[in-house]
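Just so you know, this note's numbering puts 82 at position 78 of the sequence shown, and the rest follows in order with no gaps.
For each residue, glycine too, the CB sits at the ideal point set by N, CA and C.
This structure is a prediction, so every number in the text was calculated from the model and none was measured.
Here the structure comes first, spelled out in structure tokens, and everything after it is commentary.
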Amino acid sequence: MAETAVLFRSKYGASRKYALMLKERIGADAIENENMKPELIREFSNIVMIGGVYRDRINGLDFLRRFRRDLQDKNIFVFAVGCMELSTEYIARLRQVNGLDDIPLFYGRGEMDVKTLSFADRLMINAIRKMAERRTPTELTDSEKTVIEAAGGASWVDGRYLDPIVDYLS
Ligand SMILES: Cc1cc2nc3c(=O)[nH]c(=O)nc-3n(C[C@H](O)[C@H](O)[C@H](O)COP(=O)(O)O)c2cc1C
């Protein structure tokens with residue numbers, strides 16, 4: 005068994021893609037978050053959590069709270085997958101919103117296609133888009149720009165986003 009487990013929670017598939025790419029590159033085991041059990045955690049010394057970003061919250065981090073005791077002596081890393089452009093400001097925001105003070109946080113851009121979203125998610129994205137379309141380009145926030153860009157379907161998934169975490173782990 006590999007010493008690193010890549011855990012992921014993926015609503016529409018982008019985090020799964022990154023988990024499988026990372027697994028290949030570092031020779032880890034990739035396990036869907038829901039299938040993780042305390043007995044399994046014991047087998048690994050490094051745990052990488054990969055999850056999509058929804059309203060600045062990284063999906064799947066509840067795992068860290070649920071298994072806090074079992075994870076005490078593990079090295080934890082988080083890889084967030086979102087549509088926002090990678091910037092130090094956005095990473096700082098994710099760190100703050102998700103309470104990741106001491107945990108190494110990495111980021112990769114994901115993908116979005118409004119047609120494949122759940123009804124509730126589509127409603128939200130369409131509402132943001134409609135509001136954004138009423139503004140002039142200079143008034144748009146970064147997240148509004150991203151929603152407009154991604155509305156018709158966009159994928160920024162790229163293995164190069166994994167380079168920093170691969171370097172860190174090797
Ligand atoms: C309702 C909704 C909210 C989102 N909020 C954010 C966000 O706050 N920041 C961001 O970077 N991306 C955001 N996204 C984009 C997702 O993070 C992106 O689609 C990602 O690829 C999802 O990964 P997953 O399919 O593995 O869950 C949002 C997408 C949806 C549908």
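Whose CA, out of the options, lies closest to the CA of residue i?
i	options	result
residue 116	105, 76 and 161	161
residue 106	81, 58 and 47	81
residue 167	27, 68, 100 and 20	27
residue 1	19, 33, 127 and 171	Lying before the first or after the last residue shown, residue 1 is absent from the chain, which here runs from 5 to 174.
residue 60	86, 150 and 54	86
Residues in its own chain within less than 6 angstroms of residue i by CB, not counting five upstream and five downstream?
i	result
residue 173	30
residue 84	57, 62, 98 and 111
residue 2	Examination of residue 2 is not possible in this model, given that the chain is present from 5 through 174 alone.
residue 19	12, 54, 55, 56 and 85
Whose C-beta lies closer than 7 angstroms to the C-beta of residue i among residues of the same chain, with five residues either side of it excluded?
i	result
residue 122	none
residue 71	42 and 45
residue 37	11, 12, 13, 64 and 67
residue 34	10, 12, 23, 24 and 27
residue 49	7, 78 and 79
residue 133	151, 152 and 155
residue 104	82
Which residue or residues does DSSP assign as beta-bridge partners of residue i?
i	result
residue 36	12
residue 137	Bridge partners of residue 137: none, in fact.
residue 94	Answer is none; residue 94 lacks a bridge partner.
Can you name, in chain order, every residue of its own chain whose Cβ lies under 8 angstroms from the Cβ of residue i, other than the five neighbours on each side?
i	result
residue 171	none
residue 158	87, 115, 116 and 117
residue 135	148
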